[in-house]
Structure formats: C-alpha cells, structure tokens
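Numbering (the working numbering), first residue to last: 417 to 739.
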Amino acid sequence: MILILVSVLCSACGVFFVCRYATSLGLVDIPGQRSSHRQPTPKGGGLGIVLAFFLSHLWLDLPLLVSLSALGIAITGFIADRSDFSPRIRLMVFFLCAGLFLSSQGGSNHPVALLLFACSLVFIVGTANFYNFMDGINGMAGLSGMVCFSLLGLYGALLDKNDSLVMVCFAIAAACLGFLPFNIPGARIFMGDVGSVFLGFMFSAISVVFSENLFEFSVLASFLILFYMDELTTMVQRLRAGKSLLQPHRMHLYQVLANEAACAQWRVSLGYAVIQLLCGGVGIWCYRNGQWGLWVAILALCSLVFIGVDLFVKNKFSIRVSV
Numbered sequence: 417m418i419l420i421l422v423s424v425l426c427s428a429c430g431v432f433f434v435c436r437y438a439t440s441l442g443l444v445d446i447p448g449q450r451s452s453h454r455q456p457t458p459k460g461g462g463l464g465i466v467l468a469f470f471l472s473h474l475w476l477d478l479p480l481l482v483s484l485s486a487l488g489i490a491i492t493g494f495i496a497d498r499s500d501f502s503p504r505i506r507l508m509v510f511f512l513c514a515g516l517f518l519s520s521q522g523g524s525n526h527p528v529a530l531l532l533f534a535c536s537l538v539f540i541v542g543t544a545n546f547y548n549f550m551d552g553i554n555g556m557a558g559l560s561g562m563v564c565f566s567l568l569g570l571y572g573a574l575l576d577k578n579d580s581l582v583m584v585c586f587a588i589a590a591a592c593l594g595f596l597p598f599n600i601p602g603a604r605i606f607m608g609d610v611g612s613v614f615l616g617f618m619f620s621a622i623s624v625v626f627s628e629n630l631f632e633f634s635v636l637a638s639f640l641i642l643f644y645m646d647e648l649t650t651m652v653q654r655l656r657a658g659k660s661l662l663q664p665h666r667m668h669l670y671q672v673l674a675n676e677a678a679c680a681q682w683r684v685s686l687g688y689a690v691i692q693l694l695c696g697g698v699g700i701w702c703y704r705n706g707q708w709g710l711w712v713a714i715l716a717l718c719s720l721v722f723i724g725v726d727l728f729v730k731n732k733f734s735i736r737v738s739v
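This is how it looks when you write it as structure tokens:
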C-alpha cells in the first residue's frame, strides 16, 4: 500500500515539476494541423510515471536488465519529446531494450524458443509504438494505462506470477492515477513519448513474461484490445490507400470521435478504458474457467463490432485516408 501511495505522489510531483519548467526543458507541444489541441501545452508529464517506476525498483527485487531496458526506453522517449528523433534509431533502441528485458528472464537455444523470442520482440516494439500513436487526446493514455496495468497486476496476483512484476504493475497503475488530474477533463500537460512509449513497452514486456500459452497471451493482450484494434484497422486503411505509416494523421477512430463527432475527449478516453476493463475482466474469467472456445468467439465478435463501428463513423463524417 505504501508503494502505491508513493507512486501516486511521485507521479504527481513529476508532473508538477515538468509543468513548471517545461519551457526551460524544451517540453512544449506546439499545435499543428494534425493536433487535437489548439494551445501550446507542456508535454513530458509521463516523466513522473517513469520516476515512480524507478522508485519502486528500490523496494522490489527486479533484475538489472529490466531496469536498464526501462531506462533506455524512457531516455529515448524524453529525447523524442524534446526534438526530432530518427525513426530507424528509435526502432533499434526499442528492439535492444526489448531484448534486454526478455533476456533478464532467461532463455533457450531451441529453434521454437528463438522463434517465440523474435515474435515477442516484435510484439513489444509494436505495442510501444501503438501506445504512443493512441496517445492523441486527453486522458487516453492515462486512463487506459491505469486499467491495463491494474488488470495485469490483478491477473498476476490471482495466478501467482512473479511478485515483483505484479507490484510493478500496481505501482505503474497508481502512477497513471497521479498523472490524470493534470490531463483530464482539460489538459494542463500531455504525457508525451516519455510516458506513452514507456507504458506500452512495460505492458507488453510484462505480458510476454506472464504468458505461458497462446490462450493466456490473448487474454493479457485484451487489456488493451481497443488500442490494438484501432491502430491495426487504421494501418490497414492507410496501407490500402498507399499512405506512409509514419505520416502524422487524425484517422484513428478515437480521433474522429473527438474531432469530427465533437465528443468530449475525456468521454472518448473513458469509453475506451471501460470497454477494455470489461473485456479484460471477461478474458480473465474465461482463462480461469478454461473457456478457450468462448473466448475466441468473444474476440471475433469484438473485432467485427469494432470494424463495423469504425466504418460507420468514418463514413458518416466522410473521413478519407488523406485526412
């Protein structure tokens, strides 16, 4: 409990510090054509979440490689918040950090194990980037972070996973809670890459470590199911239109809802978080009761419903891939 409270306070203090010295630190987000905000706003508030993680490291028995990988991700995000950062170098650092994290858990030279290791690297790096792309409106990264890490910690506690990583999950969820009052309903500060990339990286890396089979992995990934669905759907639409995936845009469903549909940003973010909370809860129940077939059917239904809603909303507001 002490660690949870300290994480909340540490995150809030970190946000307050960045707010106060954002200009000096070069952490001010100037709105552009693709932005969902209109006023220059401090960014990098996720630095408090990172600090909360490293503070938890003092309490917990975490492998050194875990802390080094987290540090590498945080530094990369902080640099990206201050200036342009080569996408290639960024990806190289992400893969290196993911490899360090997974190496801390041991490994095998068996071909199947090596294949799973490679797939895990792609999943972790992809999720880190997905989380960053989904951090485009007030409350989205913070609310979903609080939900997905709470679910991950609860799952780890129920199934007797690594105690230190379980506590890390709860500490990060608490740190997200400490950030939220500064970001919703109106944003006094943005999380920035230092926070969003860090959350995506830690969530996916811990999920991989907790997973012992495909059923378990799919349940853990469902804690961020709308992030994956929104990002993958948008990627497919842009690829079909011949657009670069690196080009900034406002075509995600959550962006269309917040901008063209004029829904309050915090309401959209809360909706995503609540749906992911419900889906994650159902997933945990299915896994603990061995309902693999039911879970596959639920995932298929969720995918179809999301695609249908996505197409309906974008057609209603005449959204084109070029937007």
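We treat Cβ as the ideally placed atom computed from N, Cα and C, and that holds for glycine. Keep in mind the model is a prediction, meaning the values are calculated, not measured.
> In whole angstroms, what separates the C-alpha of Val725 from that of Leu480?
Replying inline: The residue given as residue 725 occupies position 309 in the sequence shown. The residue given as residue 480 occupies position 64 in the sequence shown. Rounded to the nearest angstrom, the two C-alpha atoms are 44 Å apart.
>> Rounded to the nearest angstrom, what separates Leu467 and Asn548 at their Cα positions?
In response: Here the question's residue 467 lines up with position 51 in the sequence shown. Here the question's residue 548 lines up with position 132 in the sequence shown. About 19 Å.
> Once you ignore the five residues that flank Ala557 on each side, which residues in its own chain have a CB closer than 6 Å to its CB?
Replying inline: For the purposes of this step, residue 557 is taken as residue 141 along the sequence shown, with counting starting at 1. These residues qualify, in order along the chain: Asp551, Met607 and Ser612.
>> Just to confirm, is the Cβ distance from Leu707 to Ile641 under 8 Å?
In response: As a first step, residue 707 must be located in the sequence shown, where it is residue number 291. As a first step, residue 641 must be located in the sequence shown, where it is residue number 225. For the sequence presented, residue 707 should be read as Gln rather than Leu. Not a contact, by the Cβ cut-off of 8 Å.
> Ser472 and Leu559: beta carbons closer than 8 Å?
Replying inline: As a position in the sequence shown, residue 472 is number 56, starting the count at 1. As a position in the sequence shown, residue 559 is number 143, starting the count at 1. Contact: no.
> Distance, Cα to Cα, Leu474 vs Ala428?
Replying inline: Counted from its first residue, the sequence shown places residue 474 at position 58. Counted from its first residue, the sequence shown places residue 428 at position 12. Leu474 and Ala428: Cα-Cα distance of roughly 19 Å.
> How would you call Lys732, buried or exposed, if buried means at least 16 neighbouring beta carbons within 10 angstroms?
Replying inline: One-based indexing of the sequence shown puts residue 732 at position 316. When all chains shown are included, Lys732 counts as exposed.
>> Per DSSP, what are the beta-bridge partners of Thr385 in this structure?
In response: What the structure shows of the chain is the stretch from 417 to 739, and residue 385 is not part of that stretch, so it cannot be assessed.
>> Just to confirm the assignment: which complete beta strand (DSSP E) runs, minimum length 3, are found wholly within the segment 570–605?
In response: none
> Alpha carbon to alpha carbon, what distance is there between Phe595 and Cys585?
Replying inline: Counted from its first residue, the sequence shown places residue 585 at position 169. Counted from its first residue, the sequence shown places residue 595 at position 179. One C-alpha to the other measures close to 16 Å.
> Within this structure, are the beta carbons of Gly561 and Val582 separated by less than 8 Å?
Replying inline: If you number the sequence shown from 1, residue 561 lands on position 145. If you number the sequence shown from 1, residue 582 lands on position 166. Against a cut-off of 8 Å, the Cβ pair of Val582 and Gly561 comes out as no contact.
> Do three or more CB pairs link the segment 621–632 to the segment 491–505 at distances below 8 Å?
Replying inline: no
>> I'd like the span of the alpha helix (DSSP H) that includes Leu732, first residue to last.
In response: Here the question's residue 732 lines up with position 316 in the sequence shown. What sits at residue 732 in the sequence shown is Lys, not Leu. Segment Trp708 to Lys732, the alpha helix (DSSP H) holding Lys732.
> Met618 to Leu476, Cα distance in whole Å?
Replying inline: If you number the sequence shown from 1, residue 618 lands on position 202. If you number the sequence shown from 1, residue 476 lands on position 60. Cα to Cα, the separation comes out at about 16 Å.
>> Measuring straight from C-alpha to C-alpha, what distance separates Leu441 and Val712?
In response: Locating residue 441 in the sequence shown gives position 25, counting from the first residue. Locating residue 712 in the sequence shown gives position 296, counting from the first residue. Rounded to whole angstroms, Leu441 to Val712 spans 47 Å at the Cα level.
> Considering only the beta carbon of each residue, do Cys702 and Leu710 sit closer than 8 Å?
Replying inline: As a first step, residue 702 is located in the sequence shown; it is residue number 286 there, counting from the start. As a first step, residue 710 is located in the sequence shown; it is residue number 294 there, counting from the start. Yes, the pair counts as a contact, with Cβ atoms nearer than the cut-off.
> By DSSP, does Val739 sit in helix, in strand, or in coil?
Replying inline: The sequence position of residue 739 within the sequence shown is 323, counting from 1. Only weak support exists for where Val739 lies, its pLDDT of 44 falling under 50; the value from the coordinates is given anyway. In the structure shown, Val739 sits in coil (DSSP, three-state: anything other than H, G, I, E or B).
> What's the call for Tyr437, buried or exposed, on a 16-neighbour Cβ count within 10 Å?
Replying inline: As a first step, residue 437 is located in the sequence shown; it is residue number 21 there, counting from the start. Label assigned to Tyr437: exposed.
> Near Asp609, what residues of its chain come up, given a Cβ to Cβ distance below 7 Å and the 5 sequence neighbours on each side ignored?
Replying inline: What you label residue 609 is simply residue 193 of the sequence shown in a count that begins at 1. The residues are Gly493, Ala496, Asp497 and Asn548.
> For Gly699 versus Ser638, is the C-beta spacing smaller than 8 Å?
Replying inline: Position 283 of the sequence shown holds residue 699. Position 222 of the sequence shown holds residue 638. Contact: yes.
>> In the DSSP output, which residue or residues are listed as bridge partners for Val444?
In response: Within the sequence shown, residue 444 is the residue found at index 28, counting from 1. According to DSSP, Val444 bridges with Pro458.
>> Only counting the same chain, and skipping five residues up and downstream in sequence, which positions put a Cβ closer than 8 Å to that of Cys426?
In response: The residue given as residue 426 occupies position 10 in the sequence shown. Gly464, Leu467, Ala468, Leu471, Ala591 and Gly594, listed in sequence order.
>> Given this structure, state the Cα-to-Cα distance separating Cys399 from Leu662, to the nearest angstrom.
In response: This structure does not reach residue 399, given that the chain is present from 417 up to 739, and the question cannot be answered.
> From Asp576 to Leu630, what does the alpha carbon distance come to, in whole angstroms?
Replying inline: Counting from one through the sequence shown, the residue named residue 576 turns up at place 160. Counting from one through the sequence shown, the residue named residue 630 turns up at place 214. Their Cα atoms are separated by approximately 18 Å.
> The alpha helix (DSSP H) spanning Met607 covers which residue range?
Replying inline: Stepping through the sequence shown from its first residue, residue 607 is reached at position 191. Counting along the chain, Met607 falls outside any alpha helix (DSSP H), and DSSP gives it neither H nor E.
> Taking the alpha-carbon positions, what's the Arg654 to His665 distance?
Replying inline: Position 238 of the sequence shown holds residue 654. Position 249 of the sequence shown holds residue 665. About 10 Å.
>> Output needed for Val672: all residues of its chain with C-beta closer than 7 Å, excluding positions within five of it in sequence on either side, in chain order.
In response: Residue mapping note: residue 672 aligns to position 256 of the sequence shown, counting from 1. Val729, Lys730, Phe733 and Ile735, listed in sequence order.
> Between Cys435 and Pro458, is the Cβ-Cβ spacing less than 8 Å?
Replying inline: The residue you call residue 435 lines up with position 19 of the sequence shown. The residue you call residue 458 lines up with position 42 of the sequence shown. Yes.
> Going by alpha carbons, who is nearest to Gly542 out of Ser520, Met508, Ser519 and Phe565?
Replying inline: Working through the sequence shown from its first residue, we reach residue 542 at position 126. When only C-alpha atoms are compared, the closest one is Met508.
> Mapping DSSP to helix, strand and coil, what is Ile553?
Replying inline: Sequence index remark: in the sequence shown, residue 553 carries index 137 (1-based). Note: Ile553 maps to coil in three-state DSSP.
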